[in-house]
Amino acid sequence: MSVRSPLRTRASVAAGRLTAWLSRSSGLGRGGMIGGRVTLALDPLALRRLGRERTVVLVTGTNGKTTTSLMLTRALETLAEVAANSDGANMPDGVLAALTARPGAPYAVLEVDETYVPWVADQVRPAVLVLLNLSRDQLDRVGEVRAVERELRAAIAGLTGTVVVANCDDVLVTSAASAAAKAVWVSAGPRWTGDSTACPRCEGRVETRERHWECGCGLTRPEPGWTLDGDLVRTPGGRQVDLDLRLPGEVNRANAALALAAAHRLGVPPHTAAARLRTITDIGGRYRTIRRSRHSVRLMLAKNPAGWVETLRVLDEDTPVVVAVNAQEADGRDLSWLWDVHFERLRGRQVVVTGQRGADLSVRLRYAEVAHWAEPDPVTAIDALPPGAVELVANYTAFRELVGRLPGG
Amino acid sequence: MGDSLVHIGLLLPEVLGTYGDTGNAQVLAKRLQWRGFDAEVVPVGLGDPVPSTLDLYLLGGGEDGAQVLAAAHLRRYPGLRRAAAAGAVVFGVCAGLQVLGTRFRGLDGVDHDGLGLLDVTTEPGEQRAVAELVATPPRLLDGEALTGFENHLGVSKLGAGSEPLGRVVRGTGNGDGTEGAVTDRVVGTYLHGPALARNPALADLLLAWTIGHPLSPLPLTEVERLRGERLAVPRRRR
Ligand SMILES: [Zn+2]
């Protein structure tokens with residue numbers, strides 16, 4: 087076994103590459119995913135071997151995984167080559183494909199779907215685990231967020247060599263990260279609290295006062311080492327770093343604060359890291375503005391209630407908004423979450439509703455008293471608006487479809 | 425009740441609010457306001473006594489542990505049972521339906537007392553029902569089909585004291601071909617989340633009971649379009 091294993095890994099990596107190349111060239115799909123799947127099937131221990139050879143950072147949370155991973159990758163590239171699944175393929179096969187693609191890279195930054203963190207972390211034994219936030223996501227597909235928190239907590243308790251960099255303004259994240267042998271707490275700003283008014287430990291009520299929160303059972307907000315304050319990040323050493331990102335919104339500043347703390351842990355000075363973060367202008371097409379003949383359209387992705395809340399905050403005032411909603415497998419078939427999002431914020435704007443499940447959104451907007459009209463085709467929806475800027479917000483498959491159809495998108 | 429204020433109680437939203445359940449309160453309030461009634465949503469939190477003075481009570485969906493906690497809270501504070509005995513309207517969704525029943529069994533195999541407002545007992549089934557649910561035609565709703573989404577493991581049995589809300593056309597519902605339960609003015613259903621947004625006839629039935637007389641029609645083109653779309657969807661392959 088011990089003699090044969092390295093050879094077997096190399097052979098199965100080669101087989102995986104071949105499949106990846108085949109699937110890319112035949113247009114079957116995203117090569118990274120299929121290639122990783124084949125490798126894992128041929129050699130279940132491949133991830134362990136490929137991961138343990140280097141310094142691995144895992145990034146997880148409900149929202150911001152891709153963005154934060156890209157930020158960390160940019161920062162760590164100042165040290166050495168970095169393997170990363172920057173295409174957002176965050177299941178075990180995508181993670182493996184990223185490691186396979188850059189076998190010599192001494193660092194790896196891997197975003198991992200929350201539900202796969204226990205397994206992936208056990209395989210690769212990460213140096214750092216970044217925990218961004220936890221809130222409800224596609225309820226019909228993934229288990230409830232509290233179960234996810236419990237599993238993360240149990241996994242973290244077993245990762246004795248891992249530093250957990252965690253957002254202490256998020257109650258569920260704090261509960262999970264409290265199990266860490268070493269935690270670095272980052273105050274990234276309070277966000278969505280819809281899933282944490284009841285304590286994850288005792289179901290009691292969590293009392294909140296400005297940034298502080300606590301529960302009667304003893305679960306309480308730890309004192310942060312790093313604090314995001316407006317556009318500034320204060321470091322544990324008392325230094326201030328001006329973020330000045332090119333990505334919009336408070337949510338991306340929160341991602342940046344966590345990325346700076348994690349990069350610092352691996353030896354990248356905060357100012358150096360921040361400079362690298364400023365080179366990022368879009369995340370896989372998100373936040374990118376594309377020009378059409380009469381319109382400039384800013385593309386935004388929102389995948390779950392917390393993501394929608396953040397995205398609605400980022401929208402330019404007085405700019406018409408096209409909102410596209412699908413309910414494919416990858417989006418979650420259940421659209422109940424529409425009622426957890428404060429769409430009332432869209433009142434007074436020009437709003438066009440589109441996507442395969444535009445009718446559901448339309449009912450939600452009617453009850454939110456947001457005047458709007460419906461146009462089944464998203465591109466026609468854009469073209470029907472007066473010339474000028476357009477904000478386009480879409481959920482996962484609606485976004486992917488649109489990026490595929492809009493030239494330059 | 426006429427021109428007075430209608431109080432809509434939203435019970436324990438922090439534990440019974442998994443599936444956009446506040447949407448039902450919002451739908452009821454808007455359907456009253458758009459017809460000239462005053463309406464107010466009153467959230468009742470964990471740790472707060474449950475008032476018996478509200479006109480209509482809503483219970484949403486929740487996880488296993490949260491559901492046990494909610495049932496304990498509602499047994500400890502008798503406000504909801506008192507109000508129901510006095511004729512208040514009660515609407516429970518998913519975990520809410522189970523809590524309104526006489527007894528439900530948790531995943532740990534432990535039986536918990538419900539409130540006994542519905543003659544329903546619930547046990548965990550073998551596989552989770554996660555799908556679009558269509559039920560028709562409920563006796564109370566003039567043949568308007570019920571449409572919604574379900575996501576639950578529970579299998580519910582009705583006793584003689586409750587009748588089903590509808591018969592399942594697509595999906596699982598209670599598990600024996602029926603869907604939901606009704607006793608007097610207490611209604612439970614597995615149509616979760618914004619069930620009342622998709623089923624305006626059910627919303628208006630609850631409101632008519634609350635007000636004491638039928639309400640004027642309120643046609644909403646958006647709702648008609650959504651119902652048309654959802655009821656036309658062919659059965660999904662499993
Ligand atoms: Zn607690």
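Same order as they appear, the protein sequences are chains A and B. Counted from 1, the first sequence has number 396 at position 310 by the numbering used here; the numbering is strictly sequential. Counted from 1, the second sequence has number 436 at position 12 by the numbering used here; the numbering is strictly sequential. Ideal placement from N, C-alpha and C gives every residue a C-beta, glycine not left out. If you're wondering where the values come from, they're calculated on a predicted model, not measured in any experiment.
query = Shortest alpha-carbon distance to residue 436/A belongs to which of 475/A, 490/A, 426/A, 462/A?
reply = Counted from its first residue, the first sequence places residue 436/A at position 350. Of the listed residues, the one whose Cα sits closest to residue 436/A is 475/A.
key: CB-CB length for residue 568/B against residue 557/B, believed under 8 angstroms   = As a working note, residue 568/B is residue 144 in the second sequence. As a working note, residue 557/B is residue 133 in the second sequence. Contact doesn't hold; Cβ gap of about 15 angstroms is too wide.
task = Examine ligand 1 and report whether any of its heavy atoms sits within less than 8 angstroms of the Cβ of residue 288/A.
result = Position 202 of the first sequence, counting from 1, holds the residue named residue 288/A. Yes, the beta carbon of residue 288/A sits closer than 8 angstroms to at least one heavy atom of ligand 1.
request  = For residue 116/A, name the three-state secondary structure that DSSP assigns.
outcome  = Walking along the first sequence from the start, residue 116/A turns up at place 30. Confidence at residue 116/A is low in this model, with a pLDDT of 43, below 50, so its placement is unreliable and no value can be given for it.
request  = Spell out whether any CB of chain A is found under 9 angstroms from the CB atom of residue 618/B.
outcome  = In the second sequence, residue 618/B corresponds to position 194, counting from 1. Chain A, which has a Cβ nearer than 9 angstroms to the Cβ of residue 618/B, makes this yes.
query = Any C-beta of chain B sitting closer than 9 angstroms to the C-beta of residue 299/A?
reply = One-based indexing of the first sequence puts residue 299/A at position 213. Not an interface residue.
query = Since residue 482/A is in the alpha helix (DSSP H), which residue starts that stretch and which ends it?
reply = As a working note, residue 482/A is residue 396 in the first sequence. Boundaries of the alpha helix (DSSP H) around residue 482/A: 482 to 491.
request  = Rounded to whole angstroms, what's the CA-CA distance from residue 496/A to residue 178/A? Just pull it up for me.
outcome  = The displayed coordinates of chain A run from 87 to 495. Any statement about residue 496/A would go beyond what the structure contains.
query = In chain B, what lies closer than 7 angstroms to residue 423/A by C-beta?
reply = Counting from one through the first sequence, the residue named residue 423/A turns up at place 337. Result: 444.
query = What residue from 496/B, 540/B, 432/B, 629/B has the CA that sits closest to residue 467/B's CA?
reply = As a position in the second sequence, residue 467/B is number 43, starting the count at 1. Of all alpha-carbon atoms in 496/B, 540/B, 432/B, 629/B, the one lying nearest the alpha-carbon of residue 467/B is that of 432/B.
key: Interface positions of the region 443 to 473 of chain A facing chain B (Cβ-Cβ less than 7 angstroms), listed along the chain   = 445, 446, 448, 449, 452, 453
request  = Would you please verify whether the beta carbon of residue 559/B is less than 9 angstroms from any beta carbon of chain A?
outcome  = Here residue 559/B is taken as the residue at index 135 of the second sequence, counted from 1. No, because no Cβ of chain A sits closer than 9 angstroms to the Cβ of residue 559/B.
inquiry  = Between 464/A, 477/A, 358/A, 415/A, which has its C-alpha nearest residue 384/A's C-alpha?
reply    = Against the first sequence, residue 384/A aligns to sequence position 298. If we check each option's Cα against that of residue 384/A, 477/A comes out closest.
query = Is the closest heavy atom of ligand 1 to the C-beta of residue 292/A under 8 angstroms?
reply = Locating residue 292/A in the first sequence gives position 206, counting from the first residue. Checking the Cβ of residue 292/A against ligand 1 gives yes.
inquiry  = Taking contact to mean 3 or more Cβ pairs, one atom from each stretch, closer than 8 angstroms, check whether the region 371 to 382 of chain A and the region 408 to 427 of chain A are in contact.
reply    = The region 371 to 382 of chain A vs the region 408 to 427 of chain A: no contact.
query = On the three-state DSSP scale, how would you describe residue 233/A?
reply = As a first step, residue 233/A is located in the first sequence; it is residue number 147 there, counting from the start. Helix.
query = Unbroken beta strand (DSSP E) runs of length 3 or more, entirely within the region 577 to 608 of chain B: which are they?
reply = 590 to 594, 605 to 607
inquiry  = Could you check whether the Cβ of residue 418/A sits closer than 8 angstroms to any heavy atom belonging to ligand 1?
reply    = Position 332 of the first sequence holds residue 418/A. Checking every heavy atom of ligand 1 against the Cβ of residue 418/A, none is found closer than 8 angstroms.
query = Ordered along the chain, which non-local residues of its own chain (more than five positions away) have a Cβ less than 6 angstroms from that of residue 405/A?
reply = Within the first sequence, the letter at position 319 stands for residue 405/A. So the qualifying residues of the chain are 475, 477.
query = Between the region 490 to 513 of chain B and chain A, which residues of the former have CB atoms less than 8 angstroms from a CB of the latter, in chain order?
reply = Taking 8 angstroms as the Cβ-Cβ cut-off against chain A, the residues of the region 490 to 513 of chain B that qualify are 490, 493.
ask   = So which of 486/B, 566/B, 539/B has the shortest CA-CA distance to residue 514/B?
value = Within the second sequence, numbered from 1, the residue matching residue 514/B stands at position 90. Here the closest residue by C-alpha is 539/B.
query = Three-state secondary structure (DSSP) at residue 623/B?
reply = If you number the second sequence from 1, residue 623/B lands on position 199. It is coil, neither helix nor strand.
key: Closest Cα partner of residue 631/B within the set 482/B, 502/B, 555/B, 581/B   = Taking the first residue of the second sequence as 1, we reach residue 631/B at position 207. Ranking 482/B, 502/B, 555/B, 581/B by Cα distance to residue 631/B puts 482/B first.
inquiry  = In chain order, what are the residue ranges of uninterrupted alpha helix (DSSP H) at least 4 long that sit wholly in the region 145 to 204 of chain A?
reply    = 151 to 162, 178 to 187
ask   = Exposed or buried, which one is residue 534/B when buried takes at least 16 other CB atoms within 10 Å?
value = Mapped onto the second sequence, residue 534/B falls at position 110. Exposed, by the Cβ-count rule.
key: Contacting residues, own chain, Cβ-Cβ under 7 angstroms from residue 164/A (five flanking each side not counted)   = Looking up residue 164/A in the first sequence gives position 78. Excluding the 5 residues flanking it on each side, residue 164/A has same chain C-beta neighbours closer than 7 angstroms at 354, 358, 362, in chain order.
ask   = Does any C-beta atom of chain B lie closer than 9 angstroms to the C-beta of residue 175/A?
value = As a first step, residue 175/A is located in the first sequence; it is residue number 89 there, counting from the start. Closer than 9 angstroms: no.
ask   = So what's residue 537/B in DSSP terms, helix, strand or just coil?
value = The residue given as residue 537/B occupies position 113 in the second sequence. Reduced to three states, the DSSP call for residue 537/B is strand.
task = Might you give, ordered along the chain, the residues of its own chain that have their beta carbon closer than 6 angstroms to the beta carbon of residue 441/A, omitting 5 neighbours on each side?
result = Within the first sequence, numbered from 1, the residue matching residue 441/A stands at position 355. Taken in chain order, the residues that qualify are 410, 411, 412, 484.
task = Would you check if the distance between the CB atom of residue 617/B and the CB atom of residue 486/B is smaller than 9 angstroms?
result = Walking along the second sequence from the start, residue 617/B turns up at place 193. Walking along the second sequence from the start, residue 486/B turns up at place 62. Cβ distance not < 9 angstroms, so residue 617/B and residue 486/B don't count as in contact.
request  = Can you say whether residue 326/A is buried or exposed, counting buried as having 16 or more other CB atoms within 10 angstroms of its CB?
outcome  = Here residue 326/A is taken as the residue at index 240 of the first sequence, counted from 1. Residue 326/A should be labelled exposed.
request  = Say whether chain B places a C-beta atom closer than 9 angstroms to the C-beta of residue 237/A.
outcome  = Walking along the first sequence from the start, residue 237/A turns up at place 151. No, residue 237/A lies away from the interface with chain B (no Cβ there is under 9 angstroms from its Cβ).
message = Shorter than 8 angstroms, the distance from the beta carbon of residue 470/B to the closest heavy atom of ligand 1, or not?
response = Counting from 1 along the second sequence, the entry for residue 470/B is found at position 46. Residue 470/B: no, Cβ never under 8 angstroms from ligand 1.
query = Does the beta carbon of residue 575/B sit closer than 9 angstroms to a beta carbon anywhere in chain A?
reply = For this step, residue 575/B is matched to residue 151 along the second sequence. It does: the Cβ of residue 575/B has a partner Cβ on chain A nearer than 9 angstroms.
ask   = Are there three or more Cβ pairs, one per stretch, closer than 8 angstroms when the region 443 to 459 of chain A is compared with the region 641 to 653 of chain B?
value = yes
ask   = Under 8 angstroms from any heavy atom of ligand 1, does the C-beta of residue 301/A make it?
value = Residue 301/A sits at position 215 when you count from the first residue of the first sequence. Under cutoff, so the answer is yes.
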